[in-house]
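Presented below is the structure to which this report refers.
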Ligand SMILES: Cc1ncc(COP(=O)(O)O)c(C=O)c1O
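Residue numbers (the numbering used here): 17 to 496.
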C-alpha cells in the first residue's frame, strides 16, 4: 500500500529516522557489551546446567507470535537473550559435556566468525571475493600438512560432514557412471559402508537417489571395524548379480566407538574394483595431528576423498567441515554449471568455489579456522588432543579396575564405551541419574545389542578432574 495514502502510518525513510544515524554507534556499544558477555560466559559456563531445563514448546510460547513493527534496542534484545534464550541452550561449551562427540569452539574462532559476518563477503566465484577462495586454499593446505595428508590434495569447506560425504558420493558416481549427470542414475549402483558408519552416509545415498536398498552395510569385526573379507565378498556377489559397485566409505573414528576401519585393505579392494574410496574422519581425523596417532590415517593417502570436521575436535564453532579430494577434476565435472554472468577468469590460479559443489554462495568460514590455527599453533592443538586421548585411556583403566563394570570397545581415541554389568534398564538409569545432576551430560549407545554408556572427551575447557568426577558420579549412580 502507498504510505502517502495513510500519513499516520508513514514509515520514516532512513534519512528522516534518527535511529539510522545511530546505527554504527549503537553497534559499537552493544558489540563491546557482547564481547564482555562472551568472556564472562567462558569464565562461568561450568556453573550453568549442562542440559537445557526447558520443556518442549516453552521457549516458543515465551516468544511473541509476530515480529515487532518498530525496531527495538540492543539492551532489550540482550536482556531477553539472557532471560529466555539462555535457559533453552544446551551448553556444548561446558567442560562436563561428555555426550555425543564433545565438540569444542574457541575464542579466536569467534572473532574470525564475527569478522566474516561483518564482511558478509560471498566467495562463490574468485572475483566475488578473492580472499575467500585463496585463504580457504591456504588454510586447508596448512591443515592437510598438520594431518600428514599428501601434497596436492584439493580442499574445500562445506557446512557439515553430512554435506561433505554427500558430495563424495556424487563424485564417486561421476567417476564410475558419468552418464548419470545428464540421464539420472543408471540402475544397479551400489555403495558399501560398515554397519557402524554414520547415518549421514546412508542419507547421502538417499539424497543422491542411490536408494537405501543399494547401501550395503558391511559387517564389522569384534572391535567394530569393517571386515575387508566381507566387503570383498559383497562386491563380488553384487557384480555377479549384474550390479554396479561404485563407492566405498571407510570410517576413521566411527560414531559409537571411534573404531578405525582398515583403510589400507579397503583401498586394495576399492582399487581392484575401480571404486571411489571416501574416508569419513569427521571426528577422529583431527587426532592425526598428534604424531603417535597419525597411524589412524594410514592408507588414507590412497582414498579419493576424506572429510574432517573442524567443528568437532578442532576448536572451531559449528559449522566448518573440510572436504579433501585428490580428484578435484571429477568433483568439478560433477558440479560445474556456469551461468553466463559468472564466467571464469581464465587464470589457472583463480578457482571458483561454486564449481565444486551444490551451494552457490560460499561463506568466509576459512577465516575462523585460520584464526584458530594461528592463535593456538600446531603445538598447542597437538597437546590438547593428546591430553584428551590420554584421559580417555586413564578412565578406561579405572573402569577396568572396577569389577561391576566392563568395557565394550577398545579406546583408540577420546571416547570410552563401557557398561554396568546389569540390565539395559540399569544402564539407562545410570545415564538418567548422571544427567539429572545437571553437572554432567553423558549419552549411551547400543553395542552387541546392549545399552552401553559412552563418555566422549573433546572440550577445550575439560580437565582430568572433570572426567574423574564423572566417573565417580557414575560409580555412585549404580543401584545396589
Ligand atoms: C563419523 C561421523 N561422520 C559424520 C557425522 C555427521 O557430522 P555433521 O553433523 O557435520 O553432518 C558425524 C556426527 O557426529 C560422525 O560422527
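The beta carbon of each residue, even a glycine, is placed where N, CA and C say it ideally should be.
For residue 344, three-class secondary structure by DSSP: It is helical.
Contact under 8 Å by Cβ, residue 258 with residue 280: No, they are not a contact pair.
Beta strand (DSSP E) segments (min. 3 residues) lying fully within the segment 316-360: Here the runs fully enclosed are 321-325 and 337-341.
Segment contact, 8 Å Cβ cut-off, at least three pairs: the segment 156-172 with the segment 329-342: Cβ pair count under 8 Å is three or more, so yes.
Segments assigned beta strand (DSSP E), at least 3 residues, entirely inside the segment 208-235: Runs of the beta strand (DSSP E) inside the segment 208-235: 231-234.
Residue environment, residue 191, which counts as buried when at least 16 other CB atoms sit within 10 Å: In the assembly as shown, residue 191 is a buried residue. Its beta-carbon has 16 or more other beta-carbons within 10 Å.
Continuous beta strand (DSSP E) stretch holding residue 463: start and end: That run of the beta strand (DSSP E) goes 459-463.
Backbone CA spacing between residue 432 and residue 491 [nearest angstrom]: Roughly 15 Å between the two C-alpha positions.
Neighbour-count burial assignment, residue 370, 16 or more Cβ in a 10 Å radius: Buried, because 16 or more other Cβ atoms sit within 10 Å of the Cβ of residue 370.
Cβ neighbour criterion (16 or more within 10 Å) applied to residue 17: Reliability of the predicted coordinates at residue 17 is poor, the pLDDT of 37 falling under 50, and no value is obtained from them.
C-beta contact flag for residue 120 and residue 443 at 8 Å: Not closer than 8 Å, so no.
Status (buried if at least 16 other CB within 10 Å, exposed otherwise) for residue 270: Buried, by the Cβ-count rule.
Secondary structure of residue 270, DSSP reduced to three states: Coil, per DSSP.
Distance cut-off 7 Å: residue 321 Cβ against heavy atoms of ligand 1: No; taking the cut-off as 7 Å, the Cβ of residue 321 has no heavy atom of ligand 1 nearer than that.
Cβ-Cβ distance between residue 210 and residue 277 below 8 Å: Yes, the pair counts as a contact, with Cβ atoms nearer than the cut-off.
Proximity to residue 400 [Cα-Cα], best of 122, 267, 54 and 312: It is 122.
Contact the segment 51-69 vs the segment 454-468: 3+ CB pairs below 8 Å: Using a Cβ-Cβ distance cut-off of 8 Å, the segment 51-69 and the segment 454-468 are in contact, since at least three pairs of beta carbons, one from each stretch, lie closer than that value.
Segment contact, 8 Å Cβ cut-off, at least three pairs: the segment 174-187 with the segment 210-224: In this structure the segment 174-187 touches the segment 210-224; the number of beta carbon pairs closer than 8 Å is three or more.
Distance between beta carbons of residue 124 and residue 387, contact taken as under 8 Å: Going by Cβ atoms, the distance from residue 387 to residue 124 rounds to 4 Å, so yes, they are a contact pair.
The segment 131-143 contacting the segment 374-381, beta-carbon criterion three pairs below 8 Å: Yes, since at least three Cβ pairs between the segment 131-143 and the segment 374-381 fall closer than 8 Å, the two stretches touch.
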